[in-house]
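Sequential numbering of the sequence shown, starting at 5, is according to our numbering.
The C-beta atom is built at its ideal place from N, Cα and C for all residues, glycine as well.
This structure is a prediction, so every number in the text was calculated from the model and none was measured.
The structure under discussion appears below in the form of structure tokens.
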Amino acid sequence: MSQLKLEPFRYPVSFAPFPATPLVTPTNAKRRILWTRYADRLLLNPELTRALVSFQANKSMPYYRWLKYKEGFSVDFVRYILGRFKPEHAAIRVLDPFAGAGTTLTAAAGSGCQATGIELLPVGTAAIRARLAADRVDIDGFEKWLVRLRRFQFEPLKTKPYRFPHLRITERAFPPDTARAISAYQRFLGRIDDEEIRSLFWFACMGCLEDVSYTRKDGQYLRWDSRSGKSMGSGFNKGPMPDFKQAILGRLEAMLHDIRHRNGGRLSRRVHIVEGSCLGELPRLKKQSFDLVITSPPYCNRYDYTRTYALELAFLGYDEAAVAALRQSLLSATVENKAKRENLRDQYCRLQRHEFYGRAVANFDCAEGLHEVLGLLYAARNRGELNNNNIPVMVENYFFEMNIVIHELARVLTPGGHMVMVNDNVQYHGEEIPLDLILSDFAAAAGLSVDAIWVLPRGKGNSSQQMGAHGRNEIRKCVYVWGKPRMT
Ligand SMILES: C[S@@+](CC[C@H](N)C(=O)[O-])C[C@H]1O[C@@H](n2cnc3c(N)ncnc32)[C@H](O)[C@@H]1O
5 MSQLKLEPFR YPVSFAPFPA TPLVTPTNAK RRILWTRYAD RLLLNPELTR
55 ALVSFQANKS MPYYRWLKYK EGFSVDFVRY ILGRFKPEHA AIRVLDPFAG
105 AGTTLTAAAG SGCQATGIEL LPVGTAAIRA RLAADRVDID GFEKWLVRLR
155 RFQFEPLKTK PYRFPHLRIT ERAFPPDTAR AISAYQRFLG RIDDEEIRSL
205 FWFACMGCLE DVSYTRKDGQ YLRWDSRSGK SMGSGFNKGP MPDFKQAILG
255 RLEAMLHDIR HRNGGRLSRR VHIVEGSCLG ELPRLKKQSF DLVITSPPYC
305 NRYDYTRTYA LELAFLGYDE AAVAALRQSL LSATVENKAK RENLRDQYCR
355 LQRHEFYGRA VANFDCAEGL HEVLGLLYAA RNRGELNNNN IPVMVENYFF
405 EMNIVIHELA RVLTPGGHMV MVNDNVQYHG EEIPLDLILS DFAAAAGLSV
455 DAIWVLPRGK GNSSQQMGAH GRNEIRKCVY VWGKPRMT
């Protein structure tokens, strides 16, 4: 157990209560009870801008600019949270169970913490590993290979050239010259004898696939430029595209610049990465082994990471079956996900943790606010009113899995520790799903205190489809602050 005395939650006295009151409708009585329960914890936090809780501020930041991981939050956000919860000069243990490209891990390690991250998407773990490799790589060797690359003829081999291992949805992603140059670059990679340098040069290629392709990761979707012949009439044009040589050299030069200013080679010793699903990995962690959790799970918004990162997954060698398996293992947030309930039950049975699992499921079963909205969504599905019939199942599975994650996190948190989570509320069929309140209620059921739900000054508009049918309704974007009471 930690010997550390953690600071009590520094309550932001200046933060005003969130001004809205919930709409009173005949169908939201249970959600209003939840609102009443947590209304005094909903605080408007003017210090939390959207830029801070998104990747935006990382875009030009050394190391983080190597791969645009748009689902990430910023280094400054992690520092902001550490500033409130990390006692000065203390090497606390930080966990991020949805580590993404590892912002929490390297930002916390940079502030002297020990950081552990669990992440399932290999694109994210590759980004973390590349950032850590900067600690060890031979900088002069890196520069030497960069000089050679500048002179390299980007022509693929005549016999047995590398062919980009496309998935169905990535076919025709590159102009022919770019495809040839990527192929030639693989030949160049084969010549690099230093494994660390080769892996960074390989990662640079993955990092610029989007730039040199006809695709753009845009909000929810992977958009296709009309020049690809695949844009389905949208007429989208992403503007001038760099050729591959220009893009890869630019990326490697930026990497060299960042590596030269590396953090004295200390980050990698403080970061531990686990590649896997947090649903399977959290149960392996010892109880009370972390002082602070900083995380942002996938949102319950149908966003499909395997689609957005299809080019990178193809590059990593994922075929159709592997992509489908990966999608299913991710937290259920797409309409394609099937329930993981039975697998989870079997897992906890094998671990002989029936009691823990039974308690978590019971807390899920009596979440009245959630079941109120699920009932409405299932009824709308039965009347054929949803644009996708799997939405209620997706929402149910999302909460079922998040509830297990929250119970596990409550277990691994040390008394006096805190958990900070970024998430968005969502709305389906005009029904608000107050994730902030429902998840906070799960946290309370798991033994945590709901210290604050910081609301960002600007929420999110509902989708245009929903707006047409149900009117404009700004949806809260929040940062939840939960604490684990000290033992008395
Ligand atoms: C909102 S992103 C987190 C981004 C991260 N905060 C950053 O700054 O890079 C959510 C992440 O959860 C990951 N994820 C989804 N399901 C998971 C699971 N079952 N186990 C671990 N990670 C998962 C996704 O791949 C994604 O990278």
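Expected contact under 8 Å - CB spacing of residue i and residue j to nearest Å
{"i": "Q4", "j": "P419", "result": "As shown, the chain starts at 5 and ends at 492. That puts residue 4 outside it, with no answer to give."}
{"i": "P248", "j": "Y189", "result": "Looking at the sequence shown, residue 248 is not Pro but Phe. Rounded, the Cβ-Cβ distance is 7 Å, consistent with contact."}
{"i": "F77", "j": "T120", "result": "About 17 Å; that fails the 8 Å criterion."}
{"i": "V399", "j": "N305", "result": "In fact, because the Cβ distance is near 10 Å, the residues do not count as touching under 8 Å."}
{"i": "Y484", "j": "V424", "result": "7 Å"}
{"i": "L296", "j": "H422", "result": "6 Å"}
{"i": "D493", "j": "R480", "result": "Summary: the structure shown does not reach residue 493, with the chain confined to residues 5 through 492, and so no result is reported for it."}
{"i": "Y218", "j": "S232", "result": "4 Å"}
{"i": "E316", "j": "L213", "result": "6 Å"}
{"i": "Y67", "j": "S444", "result": "Going by Cβ atoms, the distance from Y67 to S444 rounds to 33 Å, so no, they are not a contact pair."}
{"i": "P21", "j": "L47", "result": "6 Å"}
{"i": "V207", "j": "I196", "result": "The sequence given here places Phe at residue 207; Val does not occur at that position. Wrong, their Cβ atoms sit about 12 Å apart, outside the cutoff."}
{"i": "I437", "j": "V377", "result": "5 Å"}
{"i": "R176", "j": "K234", "result": "6 Å"}
{"i": "A384", "j": "L390", "result": "5 Å"}
beta-carbon residue i near ligand 1 non-hydrogen atom, thresh 7 Å
{"i": "G211", "result": "no"}
{"i": "C282", "result": "yes"}
{"i": "T108", "result": "yes"}
{"i": "Y322", "result": "no"}
{"i": "Y309", "result": "yes"}
{"i": "P301", "result": "yes"}
{"i": "Y73", "result": "yes"}
{"i": "I277", "result": "no"}
{"i": "S64", "result": "no"}
{"i": "S333", "result": "yes"}
{"i": "E123", "result": "yes"}
{"i": "G379", "result": "no"}
{"i": "F360", "result": "no"}
{"i": "A105", "result": "yes"}
{"i": "F294", "result": "no"}
{"i": "P246", "result": "no"}
{"i": "G128", "result": "yes"}
{"i": "G76", "result": "yes"}
{"i": "F207", "result": "no"}
{"i": "F178", "result": "no"}
{"i": "F102", "result": "yes"}
Neighbour-count burial assignment, residue i, 16 or more Cβ in a 10 Å radius
{"i": "E510", "result": "In the structure as shown, the chain starts at 5 and stops at 492, and residue 510 therefore has no counterpart that could be examined."}
{"i": "A134", "result": "buried"}
{"i": "R354", "result": "exposed"}
{"i": "G239", "result": "exposed"}
{"i": "S336", "result": "buried"}
{"i": "C370", "result": "exposed"}
{"i": "N386", "result": "exposed"}
{"i": "V141", "result": "buried"}
{"i": "P301", "result": "buried"}
{"i": "T509", "result": "Nothing about residue 509 can be reported from this structure: the residues present for the chain run from 5 to 492 only."}
{"i": "V28", "result": "exposed"}
{"i": "N341", "result": "buried"}
{"i": "T163", "result": "exposed"}
{"i": "I186", "result": "buried"}
{"i": "K290", "result": "exposed"}
{"i": "I143", "result": "exposed"}
{"i": "G87", "result": "exposed"}
{"i": "Y225", "result": "exposed"}
{"i": "L161", "result": "exposed"}
{"i": "V151", "result": "exposed"}
{"i": "K494", "result": "With the chain covering only 5 through 492, there is no way to say anything about residue 494."}
{"i": "M5", "result": "Unreliable placement is indicated for M5, whose pLDDT of 39 sits below 50; no coordinate value is reported for it."}
{"i": "P287", "result": "buried"}
{"i": "E75", "result": "buried"}
{"i": "D215", "result": "buried"}
Ligand 2 heavy atom lying under 7 Å from the CB of residue i
{"i": "L289", "result": "Inclusion of ligand 2 in the displayed structure is not the case, the ligand content consisting of ligand 1 alone."}
Residue-level contact to chain D via CB, residue i, 8 Å cutoff
{"i": "A134", "result": "Reference to chain D is not applicable here, since this structure consists of a single protein chain."}
Query raised in the report: Does the pairing of the region 448 to 460 with the region 49 to 62 give three or more beta-carbon distances under 8 Å?
Result: yes
Query raised in the report: Okay, do the region 404 to 415 and the region 57 to 76 touch, 3+ Cβ pairs below 8 Å being the bar?
Result: no
Report task. Please determine if the region 445 to 455 and the region 302 to 322 are in contact, where contact requires at least 3 C-beta pairs separated by less than 8 Å. Result -> no
Query - Cβ contact check for the region 381 to 394 and the region 264 to 283: 3 or more pairs under 8 Å - result: no
**Report entry** the region 270 to 279 in contact with the region 126 to 145 per 3-pair CB rule at 8 Å
**Finding:** yes
Query raised in the report: On the three-pair Cβ rule with 8 Å, is the region 172 to 184 touching the region 25 to 36?
Result: no
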